[in-house]
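Participant:
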Amino acid sequence: MTLTKLTLAAVGLAIGVSGFAVTEAKAAEQFIPSMVYRTGPYAPNGTPFADGAMDYYKMLNARDGGINGVKLVVEECDTGYNTDRGVECYERLKGKGETGAAAFSPLSTGITYAIIERATKDKIPVFSMGYGRTDASDGRVFPYVFTAPSTYWSQASALVRYVGGEEGGMDKLKGKKIALVYHDSAYGKEPIATLETLAKKYGFKFSKFPVTHPGLEQKATWLTIGRKLHPDWVFMWGWGVMNQTAIKEAAAVGFPMDKFIGAWWSGAEPDTRPAGKAAIGYKSAAFHSPGPNFIVHQDIFKYVYGKGNGTTTEDKVGEVLYNRGLINSVFVSEALRTAMAKYGNKPMTGEQVRWGFENLNLTSAKLSKLGLSRFMKPIKLSCKNHEGGTPLRIQQWTGQQWEFVSDWIQPMNDVVRPMIEASAAKYAAEKGITPRTCN
Amino acid sequence: MLYREAGQFKTSYAKDQAIFPILQDRVMLALVLVVAFVAVPMLASEYWLSTIMLPFLVFSLAAMGLNLLTGYAGQLSLGTGGFMATGAFAAYKLAVAFPEMNIIIVFLLSGVITAMVGILFGIPSLRIKGFYLAVATLASQFFLVWMFNKFPWFTNYSSSGVISAPPRAVFGNFFVTGSSASPVDKYLFTLVIVCVLALAAKNIVRSHIGRGWMAIRDMDIAAEIIGIKPLQAKLGAFAVSSFYCGISGALWAFIYTSSVEALAFDITRSFQILFMIIIGGLGSILGSFMGAAFIVLLPIFLSNAPTLIGFSMSVELISHLEAMIFGSLIIFFLIVEPHGLARLWQIGKEKLRLWPFPY
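Read top to bottom, the protein sequences are chains Z and S. For the first sequence, this note's numbering begins at -4 and goes up steadily by one. For the second sequence, this note's numbering begins at 1482 and goes up steadily by one.
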């Protein structure tokens, strides 16, 4: 008991000290929390993302002295992909800095669900980039949640459109078989409803194959797929070690790799490299380019790695998940810049950053100014639409690197958007929220 | 010198049978309660309340539930996570289906539903014992979590399988779930539930029911010979234990994280709670609290510590250090006192009685 008490006292002291640290923060510093997982079962995928996110902020600080003279202070908190740990990180970081946290990117669908209500109450934006709650794209019900540039439902519809194109027309999908191999969690289940709707619309046969966390055991799944079902296409919503296992097992049953398409969280170097030659030809969706050959990377090499200040090693810069982390930071920093244009060049509160997100308009002129032309498509958010709905591209693994094999594919907004609005309305009814009106 | 019961005479059976017969213990308990009910809500920050005290209370309740079953009745169970999930999903279905039902009744009913599920999965305990029973209860763990994941009815057809708590008040404007609930209200509500259930648990184990459980635990054949019915005792233990775990799961989903997916109650959760009672002390209500404190608070403290004492190190190093220190502390405590922290406390009390003149 004495020890327990001592621990309690120590924790208490610790919290007290951290309280003082907050008041010491200097002026003109914007605090940005970064939820990461460099440990735990998903660390191989979480680490490059965290590195990319960190390096972009470091580069802004080194090259421009932050944003409009406001220095960026970034603090990481390791969630280990655990929802309860994520909540702890959120509570720990939300009040830090002069104006509190700018925006949270939880990097886990489970954590996103857990902090949506808290963040809405605390008036801090949640930027769940391409993950999390798809129906949160309806800004009328979820004013503080942003899902830009795309969501799982849009992605599923874009994948179906791509497959239709490969088959020679959407009408050719009739009678075809599409299987979905998914991580049996909140994340993996997201595309199911969309794919079921599209299966009805286009007449293809849709079958589901859940894989239990962490996804190391998929023999039975792939035997059924490869020997019994023989689908024409397989989609995968996997994460972490599940991806490479699936690729190996698919190769073992002789499923053609070019008919096997992963979601954007199932298409990065840590997924394909460990699978070796088996992975050649494997495809995945993406909303930004792979590779280190963009102006923004040159700046990162020059201002961050050139000064020996890099978060990772130079050869890792430009990996798919590194670039994804980078684009996450681009969105957050551009939302800050947009907010500062209205509220002045000082640290922004969560509420002001929210305005910045909602009025974010990344035109191609702006993107080329940021060194991101050809890296991603222009995107514009609004009060009603927090997704933006960027088109996607399919990339393929050559054995050495990822390369684009398709043009930009539009998601089926006419199908997805009504589903989003219906689901958001259901949520609003359950929670007793009156949706705000958007003009 | 201070902790000595000399001169405290018991003049009635009721006084002799009190939970805390020694005055000093009663004073101490009163102090702890005053701190918990008055000082903590007044002094603790939001971070403290919602990420340290709430999970501590929720886990204490689950550990208490498992301790009744494993520590008192001797039935080793690995199904705690599954029972917590049952409580969470039962509470969600009840709260959504009957919006006008009071949240306390929702929690109690979800406990009752979990108790029934617990009885069902406790049936194998009539035939098998020890590690074999652990394997049988493991089945309940996997089955229940799989069931909540598989059938969308349990999540009201949520596209992602996540349930999130609807806003509910205990009375009037005292909201304990949803976004308008303040951390202090949530904390007080949970604290009241945990205190009432802890008092109930303490009294159950002192009654003929608890004594029957302990007899079964110590030697079931002997217990049967002296007239304790194993069927009632064992299934009763499963029912009461599952009731506690179910309410704890409902509190987890509604009060602590306020949204939850079945995966949050996977096998690691069951192990976590089993470790709590092993470290805290099997067969001790106080041990459940101590074990929960050790397992919940220590990792959070360890991950906060380096930045607070001024070391700046990368987050992955902190996480690795946390796992290493935490692991070695578990081994240390189990070597120093295999019977758990509660036993340490008991030894400490015995020493205090003699202090400062030990013989």
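The beta carbon of each residue, even a glycine, is placed where N, CA and C say it ideally should be.
Check Ser436/Z in the structure and name its three-state DSSP category.
Facilitator: Only positions -4 to 434 of chain Z appear in the structure, and residue 436/Z is not among them; the question remains open.
Participant: Are Ala1543/S and Cys1726/S close, meaning C-beta to C-beta below 7 Å?
Facilitator: Yes, Cβ-Cβ distance for Ala1543/S and Cys1726/S is below 7 Å.
Participant: How would you write the range of the beta strand (DSSP E) that Met231/Z sits in, first residue to last?
Facilitator: It spans 228 to 232 - the beta strand (DSSP E) in which Met231/Z sits, taken as one unbroken run.
Participant: Does DSSP classify Glu24/Z as helix, strand or coil?
Facilitator: Note: Glu24/Z maps to strand in three-state DSSP.
Participant: Which partner residues of Trp1733/S appear in the DSSP bridge assignment?
Facilitator: Beta-bridge pairing links Trp1733/S to no other residue.
Participant: List the endpoints of the continuous alpha helix (DSSP H) containing Glu191/Z.
Facilitator: That run of the alpha helix (DSSP H) goes 187 to 197.
Participant: Roughly how many whole angstroms lie between the Cα atoms of Ala468/Z and Ala1495/S?
Facilitator: Past the boundaries of the shown model lies residue 468/Z; chain Z is included only from -4 to 434, so the question cannot be answered.
Participant: Are the beta-carbon atoms of Ile1811/S and Phe1719/S separated by less than 7 Å?
Facilitator: No.
Participant: What first and last residue would you give for the beta strand (DSSP E) that runs through Phe255/Z?
Facilitator: First-last of the beta strand (DSSP E) with Phe255/Z: 255 to 257.
Participant: What distance in whole Å lies between the Cβ atoms of Val176/Z and Ala241/Z, which are believed to be in contact at a cut-off of 8 Å?
Facilitator: About 6 Å separates the two Cβ atoms, so the contact holds.
Participant: Report yes or no: is there a C-beta of chain Z within less than 7 Å of the C-beta of Pro1580/S?
Facilitator: Taking Cβ atoms only, chain Z never reaches closer than 7 Å to Pro1580/S, which makes this a no.
Participant: Taking a Cβ distance cut-off of 7 Å, strictly less, list which residues of the region 62 to 88 of chain Z are near chain S, in chain order.
Facilitator: Taking 7 Å as the Cβ-Cβ cut-off against chain S, the residues of the region 62 to 88 of chain Z that qualify are Glu71, Cys72, Asp73, Gly75, Thr78, Asp79, Val82, Glu83, Glu86, Arg87.
Participant: With a threshold of 7 Å between beta-carbons, can Gly1642/S be considered close to chain Z, or not?
Facilitator: Yes, its Cβ sits closer than 7 Å to a Cβ of chain Z.
Participant: Entirely within the region 1781 to 1812 of chain S and at least 4 residues each: give me those alpha helix (DSSP H) ranges in chain order.
Facilitator: If we require 4 residues or more, the region 1781 to 1812 of chain S turns out to have no alpha helix (DSSP H) run fully inside it.
Participant: Between Leu1678/S and the rest of its own chain, which residues show a CB-CB distance below 8 Å, the 5 nearest in sequence each way excluded?
Facilitator: So the list reads Leu1542, Met1545, Tyr1725, Ile1728, once near-sequence residues are dropped.
Participant: Helix, strand or coil for Asp117/Z per DSSP?
Facilitator: Asp117/Z: helix per DSSP, three-state reduction.
Participant: Rounded to a whole number of angstroms, what is the C-alpha to C-alpha distance between Lys278/Z and Gly170/Z?
Facilitator: The straight-line gap from Cα to Cα measures roughly 23 Å.
Participant: Taking the alpha-carbon of Pro287/Z as reference, which of Gly276/Z, Glu346/Z, Ile322/Z has the nearest alpha-carbon?
Facilitator: The candidate whose alpha carbon is nearest that of Pro287/Z is Ile322/Z.
Participant: To the nearest angstrom, how far is the alpha carbon of Ala1620/S from that of Ala424/Z?
Facilitator: Going from the Cα of Ala1620/S to the Cα of Ala424/Z covers about 37 Å.
Participant: Where in the region 1624 to 1696 of chain S do unbroken runs of the beta strand (DSSP E), each at least 3 residues long, occur, reported from the N-terminal end onward?
Facilitator: You should have 1643 to 1645.
Participant: Starting from the Cα of Gly1659/S, find the closest Cα among Thr1738/S, Ile1759/S, Arg1698/S and give me that residue.
Facilitator: Among Thr1738/S, Ile1759/S, Arg1698/S, the Cα nearest to that of Gly1659/S belongs to Thr1738/S.
Participant: Closest to Thr207/Z by C-alpha separation, out of Val1577/S, Ser1751/S, Ser1723/S, Trp1627/S, would be which residue?
Facilitator: Nearest of Val1577/S, Ser1751/S, Ser1723/S, Trp1627/S to Thr207/Z, Cα basis: Trp1627/S.
Participant: Under 9 Å Cβ-Cβ, which residues of chain Z neighbour Ala1682/S?
Facilitator: Per Cβ cutoff of 9 Å: no residues; Ala1682/S is ~19 Å from chain Z at best.
Participant: Evaluate Met1582/S with the Cβ neighbour count: other Cβ atoms within 10 Å of its Cβ, from every protein chain shown; 16 or more gives buried, anything less gives exposed.
Facilitator: Per the 10 Å Cβ criterion, exposed.
Participant: Tell me whether the beta-carbon of Tyr126/Z lies closer than 7 Å to the beta-carbon of Thr104/Z.
Facilitator: Yes, the pair counts as a contact, with Cβ atoms nearer than the cut-off.
Participant: Contact defined as beta carbons within less than 8 Å: I believe Ile256/Z pairs with Leu190/Z. What is the distance between those atoms, to the nearest angstrom?
Facilitator: Not confirmed; about 12 Å, so no contact.
Participant: For His1801/S, return the contacting residues in chain Z, with the cut-off set at a CB-CB distance below 7 Å.
Facilitator: Here the neighbours are Thr34.
Participant: Would you kindly work out how many angstroms separate the C-alpha atoms of Phe1775/S and Ile1690/S, rounded to a whole number?
Facilitator: Rounded to the nearest angstrom, the two C-alpha atoms are 29 Å apart.
Participant: Buried or exposed for Ser1809/S, going by 16 or more other Cβ atoms inside 10 Å?
Facilitator: Ser1809/S comes out exposed.
Participant: Counting only C-beta atoms, is Leu1625/S closer than 7 Å to chain Z at any point?
Facilitator: With 7 Å as the cut-off, Leu1625/S does not count as an interface residue toward chain Z.
Participant: What in chain S is Cβ-close to Gly427/Z, meaning under 9 Å?
Facilitator: Chain S residues near Gly427/Z: Pro1647, Pro1648, Gly1659.
Participant: Along chain S, which residues have their Cβ under 8 Å away from the Cβ of Ala188/Z?
Facilitator: Going along chain S in sequence order, the residues near Ala188/Z (Cβ under 8 Å) are Ser1640.
Participant: In the DSSP output, which residue or residues are listed as bridge partners for Glu70/Z?
Facilitator: Per DSSP, Pro28/Z.
Participant: Please state whether DSSP places Gln395/Z in a helix, a strand or coil.
Facilitator: The answer is coil: DSSP assigns Gln395/Z none of H, G, I, E or B.
Participant: Identify whether Glu93/Z lies in helix, strand or coil by the three-state DSSP scheme.
Facilitator: It is coil, neither helix nor strand.
Participant: For the region 324 to 353 of chain Z, which segments carrying the alpha helix (DSSP H) assignment without a break, of at least 4 residues, lie completely within its bounds, in sequence order?
Facilitator: Complete alpha helix (DSSP H) runs here, min 4: 345 to 353.
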